[in-house]
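Presented below is the structure to which this report refers.
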Amino acid sequence: MEPTETLTLTAEKMVAGGDCLAHHNGKNIFIPQAIPGEVLEVRITRSLRDFDRAEIVRILSPSPYRVQSVCPLYGCCGGCNMQHIAVQKQQELRKTLLADCFLREGVSVPVIQVISDSAFGYRARMQLHDGGLFARESNTTVPLNRCPVATEAMNSYFSAVPQNVRPRGRVQIFSDARVVADASHMASHTVVAAEEAVPEVRFQGGGKRRVKDKVKKRFSGTIQDAMHTVRVLLAGKTVQFDVRGFFQSNLAVLEKAIGAVCFGLQGKHVLDMYSGVGTFSVFLADYFEHVTLVEHNRDALVHAEINMAGKKHESYGVSGERFIKENCESVVARHGPFDAVVIDPPRSGMEKSVCSWLCSAHIPVIRSVSCDPATQARDVSKLIKAGYTLTSLFLLDFYPQTAHIESLACLEYHG
C-alpha cells in the first residue's frame, strides 16, 4: 500500500496490550485506540510479514462506549491507552482478555470477580525521565504538570516542583497519603530517588583502546537505605520498601487484594513464594503459626525481615528452584507441611521446577497472584491436570485506563 492510502475496517476484538484486531486480505492489522465493533478508516503505519499496524484516520461508526479522554497528553504520553473507553467497558474488556488467556489453555473459567477502586487518582508510583514521562514509542520526554491517574499527593509534588528543577535522568517517585512520614522524609508524603548511571571505564588488554563503557542501567535491588525507604500504612499495618525497587502503585486495590488473598486461610504453616518485601506475609502471619518466605532478591528480604519483625517466620534469599531442591525438605521437617501457598511470580510465571513441585506436593490451597495472565493460565492449567480445581478467579484492577492486567487465581486440591 502507498503510505497515504486508507482502508475501511471493522475492529473485531481487543487483544493483549490494548490494540484492536482487524483483518484485510487475510492479514492481521492492529489498531491502537480503537474499540471492538467500530468501523474505522485507517492508514497503515508499519507493515511486517505477519501483521500490519495502523492508525485511525476517521471513526466512521463510533462505539457507544467511546468517551472523550480527560488527559491532554493522552495518545502522546506512553502511559494510558484506554482513556477513550468508558470505565465500566474497560473492565469488561480486561475481564475478556483475562478469560481468553485461560480458555486458550483449555481451562474452564469461573465467573470473574473484579477487585477495583477509583478509576483516576490512584497511581502512587511513577518513573520520571528528566522530570517528565516518555512519549509513546519514543525516548522523547513529555513535560508533566498533572496526571489524572496519579494520586493527589503525586500531583501536589508536580505542582510544587517545576519541571526544570526536578532531578535529571531516570527518577523513581512514590507519593500517597498512606506514606508514613518521618524525619528523613521531612514530613512529606513523597519519596524521590534518582538512579545514578555509573560508568565503568575499561581498556582492552591494558592498552589505550577504550572498550565501550558499561553503565548501570537500573537499580538492581532494594537495599536498606533510610533516604530511599518508603513506609506505607496498609490495612492498619506498616510495610516498608525501597522506592527504587518494585512495589504496587495502587494502594487502595492492594489493600483489597490482600484481603482476597488471605480470605479463608488459616493453619500452622504457609509458604510465601516470590515474597518480595513480605507484603502478603505480614498479613498471613495473623492466620498461620509460621510463615516461610522465599525471594531471590536478598536485598528485598532486608525489608521483609523488618516488616516481619516479631512474627514467627523464616526467610530464604534463593530462587524458588533452589529452595525446592535444597531447603524445602528441612523446612517442612521443622515446621510441618504447608497448609497453603501464596505465590506471586514475575511476568515469566512460575519456574518450571516450582510448578512441578506444586503439582506433586498436593498442598491443600494455592493462591496465585500474577501480572501476566498468559503465564498464569499456563501454570494453572498444569495444576488443574495435577488434581487442583480453580475455585475462583479475580481481575485485580490495579491500572484503570490501561490494558495492563493483574489477577488472582484461587485453587484447591481435591485429588
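Residue numbers for the sequence shown follow our numbering, so the first one is 142 and each next one is one higher.
For glycine and all other residues, C-beta sits at the position ideal for the given N, C-alpha and C.
In this structure Cys403 is in contact with Phe424, their Cβ atoms being roughly 5 Å apart against a cut-off of 8 Å. For Leu244, the enclosing alpha helix (DSSP H) covers residues Val228 to Arg245.
The Cβ atoms of Ile170 and Leu536 lie no closer than 8 Å to each other. When beta bridges are read from the DSSP output, Asn169 appears opposite His164 and Phe192.
DSSP places Arg385 outside both helix and strand once states are collapsed to three, so it counts as coil.
In the structure shown, Phe299 falls within a helical segment according to DSSP collapsed to helix, strand and coil. One thing to note: Thr530 has its Cβ no nearer than 8 Å to the Cβ of His503. Excluding five sequence positions before and after Arg307, the CB atoms of its chain that fall closer than 7 Å to its own CB belong to Leu269 and Gly272, given in chain order. With contacts defined as CB atoms closer than 8 Å, Ala544 and Gly158 qualify as a contacting pair. Sorting Ser249, Leu214 and Gly528 by C-alpha distance to the C-alpha of Arg277 places Leu214 at the top. Between Ala426 and Lys452, the gap from beta carbon to beta carbon is short of 8 Å. Shown here, Cys217 sits in coil according to DSSP, grouped into three states, outside any helix or strand.
In the three-state scheme derived from DSSP, where H, G and I count as helix and E and B as strand, His476 is classed as helix. Rounded to whole angstroms, the separation of the alpha carbons of Gln209 and Thr292 is 21 Å. For Glu446, the enclosing alpha helix (DSSP H) has its first and last residue at Arg439 to Asn448. Our two residues, Ser460 and Gly417, have alpha carbons roughly 12 Å apart in a direct line.
Contact between the region 232-249 and the region 370-386 is absent: fewer than 3 CB-CB pairs across the two stretches fall below 8 Å. For Val432, the pairing in a beta bridge is given by DSSP as Val411 and His454. Rounded to the nearest angstrom, the gap between the Cα atoms of Cys496 and Lys523 is 8 Å. For Ser416, no beta strand (DSSP E) run applies, since DSSP gives it neither H nor E. Rounded to whole angstroms, the Cβ separation of Val250 and Phe261 is 29 Å, and the two are not in contact under 8 Å. Annotated three-state conformation of Gln304 is helix, per DSSP. In the DSSP secondary-structure assignment, Lys154 is bridged to Leu162. Around the beta carbon of His164, fewer than 16 other beta carbons lie within 10 angstroms, which makes this residue exposed.
Leaving aside the five residues that flank Ile256 on each side, the residues in its chain whose CB is nearer than 8 Å to its CB run, in chain order, Val394, Lys397, Ala398, Ala401, Phe535, Leu536, Leu537, Asp538 and Leu549.
Beta-bridge pairing by DSSP links Val211 to no other residue.
Exclusion of the five residues before and after Arg319 leaves Val373, Leu374 and Leu392 as the residues of its chain whose Cβ lies within less than 6 Å of its Cβ. In the assembly as shown, Asn166 is an exposed residue. Its beta-carbon has fewer than 16 other beta-carbons within 10 Å.
Take the alpha-carbon of Thr516 and the one of Asp160: they are about 20 Å apart. In the three-state reduction of the DSSP assignment, Gln517 falls in the helix class, which pools H, G and I.
Across the set Pro203, Leu201 and Ile226, the C-alpha of Ile226 shows the shortest separation from the C-alpha of Cys212. Looking at the DSSP output, Ser249 sits in no beta bridge, so it has no partner there.
Boundaries of the alpha helix (DSSP H) around Cys496: Lys493 to Ala502.
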